[in-house]
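*Asks:*
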Amino acid sequence: INWDIKARSEQEFHRATSNPGRVWQSSGGVGRNIAEAAVRLGAPVCLYGAVGGDNPGKRIITELKAMGVDAHGIIVDHDLPTGSYIAVMNHKGELEAAISDMRVGRRIDPAYVSRQLVDTEHAGGDCLVADANLDPATLTRLSQEADRLSLPLVLEPVSVEKFASAVDLDCFFDLLSPNGDELRHWWQVDDAQWRSFLQHLDQSQPGLAPRTIDPRRMPQPPSDLRRGARWGEILLTLGERGVVLFSTDPSAPQRRGPLSRRRFSTGPSDLQAWYFPAIETKVVDPNGAGDSFLAGFLTGLFAPSQRIDLAEAIRRGQAAATLSLESEQTISPVLSEKNIHAVLQRRRSS
25 INWDIKARSE QEFHRATSNP GRVWQSSGGV GRNIAEAAVR LGAPVCLYGA
75 VGGDNPGKRI ITELKAMGVD AHGIIVDHDL PTGSYIAVMN HKGELEAAIS
125 DMRVGRRIDP AYVSRQLVDT EHAGGDCLVA DANLDPATLT RLSQEADRLS
175 LPLVLEPVSV EKFASAVDLD CFFDLLSPNG DELRHWWQVD DAQWRSFLQH
225 LDQSQPGLAP RTIDPRRMPQ PPSDLRRGAR WGEILLTLGE RGVVLFSTDP
275 SAPQRRGPLS RRRFSTGPSD LQAWYFPAIE TKVVDPNGAG DSFLAGFLTG
325 LFAPSQRIDL AEAIRRGQAA ATLSLESEQT ISPVLSEKNI HAVLQRRRSS
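Under the numbering used here, think of the first position of the sequence shown as 25, with each following residue one higher.
1. Should the region 166-182 be called in touch with the region 292-307, which here means at least 3 C-beta pairs below 8 Å?
2. Consult DSSP for Glu206 and reduce its assignment to one of helix, strand or coil.
3. Nearest to Gln35 by alpha carbon, out of Asp159, Pro310 and Glu118?
4. Are the CB atoms of Arg139 and Pro105 within a distance shorter than 9 Å?
5. Could you give the distance in angstroms between the alpha-carbon of Gln217 and the alpha-carbon of Arg83?
6. Grab me the residues of Pro274's own chain with a C-beta within less than 8 Å of its C-beta, minus the 5 sequence neighbours each way, in chain order.
7. Which value, in whole angstroms, describes the spacing of the CA atoms of Gly73 and Arg254?
8. My output table needs one value for Leu283: the three-state DSSP class, helix, strand or coil.
9. Taking the runs of the beta strand (DSSP E) that are 3 residues or longer, which of them lie wholly in the region 92-157?
10. Spatial neighbours of Cys70 within its chain, please: C-beta separation below 6 Å, excluding the five flanking residues on both sides.
11. Who are the near neighbours of Leu368 in its chain, counting only those whose CB is closer than 7 Å to its CB and skipping five residues on each side?
12. At what residues does the alpha helix (DSSP H) containing Asp171 begin and finish?
13. My output table needs one value for Val308: the three-state DSSP class, helix, strand or coil.
14. Tell me whether the region 356-373 and the region 258-268 touch, counting them as touching only if at least three CB pairs, one residue from each stretch, are closer than 8 Å.
15. Just curious, the beta strand (DSSP E) that Ala302 is in, first and last residue?
16. Should Ala142 be labelled buried (16 or more other beta-carbon atoms within 10 Å of its own) or exposed?
17. Please classify Asn43: does DSSP put it in a helix, a strand, or coil?
18. For a test of the three-state rule: what should DSSP assign to Ala31, helix, strand or coil?
19. Quick check on Val75: does DSSP put it in helix, strand or coil?
20. DSSP three-state call for Asp198: helix, strand or coil?
21. Excluding sequence positions up to five away, which residues of its chain have a Cβ less than 6 Å from the Cβ of Arg32?
22. Just verifying my parser: in three-state terms, what is the DSSP assignment at Val416?
23. Helix or strand or just coil, what does DSSP make of Ser183?
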């Protein structure tokens with residue numbers, strides 16, 4: 025849970041000097057963003073985290089309650105400031121630099137996780153979503169609680185370093201959602217192999233149907249990661265290129281309902297991948313697109329009235345991300361079921 029300050033240059037960005045542009049502030053943080061997006065799409069959400077007892081912290085909690093997020097479990101620390109994230113973007117909306125102050129997040133410890141998940145057990149939640157800002161002991165406890173409750177555990181990586189630390193733990197994550205840099209570092213993919221993979225994706229035809237990726241052209245985890253692997257499926261987000269689903273389930277795109285707790289196989293040829301081309305749009309601000317994608321994906325997958333398959337849930341997530349990309353706000357204020365369907369209809373018609 026953060027207070028976001030974002031700045032965008034009005035012209036070509038120059039380092040080590042002042043750049044004329046626009047600056048705006050809003051509530052943010054990976055977990056908070058996913059919670060807001062999910063609530064806007066009609067899902068019941070409990071958000072756990074910590075804020076300071078300062079004005080940003082008070083405003084964040086007030087906003088969460090107003091939009092319908094259950095925020096009763098959020099810790100208010102009067103000795104530390106609310107977490108903050110400062111992003112500087114060039115005139116194209118691409119991130120140039122960022123600084124974060126997440127000290128208050130240390131209040132989220134293993135005891136807090138076990139205490140709060142008693143409520144989740146009674147409320148009958150569908151899944152747990154965590155970001156890699158949590159420290160190793162807390163993530164480990166969360167994984168243990170997910171196993172105890174038989175709930176899928178989804179991990180949002182946050183950064184290369186934090187993701188590498190999280191996936192090295194003795195935890196099982198049902199779903200991981202890394203970006204290209206995070207996956208490359210984790211799987212130790214060299215430049216030539218990565219270029220070949222991206223070129224293969226670029227040769228795909230646009231459209232809604234997923235494309236099966238040639239196993240000879242897709243990255244593979246090294247053998248030491250396959251032994252005792254601790255993840256289920258992977259949604260690789262590649263920005264303007266789209267999304268890739270990795271799974272050892274050959275029918276994964278057509279599988280309906282909640283995430284499977286099937287563990288990744290260690291066989292050398294078991295991993296398969298499917299490519300979902302991106303929805304073309306004009307980018308106003310890239311921040312929050314990944315969070316909106318994950319919320320759109322999960323709310324579709326777990327909605328009792330829909331029970332759509334993974335492929336449709338991914339397309340739904342892409343539509344949610346598109347609305348975020350087109351907005352100056354981290355989570356688009358027009359994110360809704362109606363507008364997701366409008367984006368998908370627009371894509372079908374193009």
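Glycine included, every Cβ here is placed at the ideal spot set by N, Cα and C.
*Replies:* In terms of the structure at hand:
1. Verdict: no, contact absent.
2. Position 182 of the sequence shown holds residue 206. Here Glu206 sits in helix by DSSP.
3. Within the sequence shown, numbered from 1, the residue matching residue 35 stands at position 11. That would be Glu118, whose Cα lies nearest to the Cα of Gln35.
4. Working through the sequence shown from its first residue, we reach residue 105 at position 81. Working through the sequence shown from its first residue, we reach residue 139 at position 115. Not a contact, by the Cβ cut-off of 9 Å.
5. For the purposes of this step, residue 217 is identified with residue 193 of the sequence shown, where counting begins at 1. For the purposes of this step, residue 83 is identified with residue 59 of the sequence shown, where counting begins at 1. Rounded to the nearest angstrom, the two C-alpha atoms are 46 Å apart.
6. Along the sequence shown, one-based indexing puts residue 274 at 250. Gln296.
7. Counting from one through the sequence shown, the residue named residue 73 turns up at place 49. Counting from one through the sequence shown, the residue named residue 254 turns up at place 230. Each residue's alpha carbon lies about 25 Å from the other.
8. Numbered from its first residue, the sequence shown carries residue 283 at position 259. Coil at Leu283, not helix or strand.
9. 99-101, 107-113, 119-125 and 152-155
10. Along the sequence shown, read from residue 1 onward, the residue named residue 70 stands at position 46. Cβ neighbours of Cys70 beyond the five flanking positions: Asp94.
11. Taking the sequence shown and counting its residues from 1, one reaches residue 368 at position 344. These residues qualify, in order along the chain: Arg339 and Ala343.
12. Along the sequence shown, one-based indexing puts residue 171 at 147. Unbroken alpha helix (DSSP H) run through Asp171: Pro160 to Leu173.
13. Stepping through the sequence shown from its first residue, residue 308 is reached at position 284. Correct three-state label for Val308: coil.
14. no
15. By one-based count along the sequence shown, residue 302 stands at place 278. Neither: Ala302 is in no beta strand (DSSP E) and is coded neither H nor E.
16. Walking along the sequence shown from the start, residue 142 turns up at place 118. One detail in the question is off: residue 142 reads as Val in this sequence, not Ala. Val142 comes out exposed.
17. The residue labelled residue 43 in the question sits at position 19 within the sequence shown. Coil.
18. Residue 31 sits at position 7 when you count from the first residue of the sequence shown. It is a strand residue.
19. Start at 1 with the first residue of the sequence shown, and residue 75 comes out as number 51. Residue state, collapsed to three classes: strand.
20. Working through the sequence shown from its first residue, we reach residue 198 at position 174. If DSSP states are grouped into helix, strand and coil, Asp198 belongs with the strands.
21. Looking up residue 32 in the sequence shown gives position 8. Cβ within range, chain order: Gly45, Arg46 and Met113.
22. With the chain represented from 25 up to 374, any question about residue 416 goes unanswered, as that position is not in the structure.
23. Residue mapping note: residue 183 aligns to position 159 of the sequence shown, counting from 1. Looking at Ser183 - three-state DSSP - the assignment turns out to be coil, as it is neither helix nor strand.
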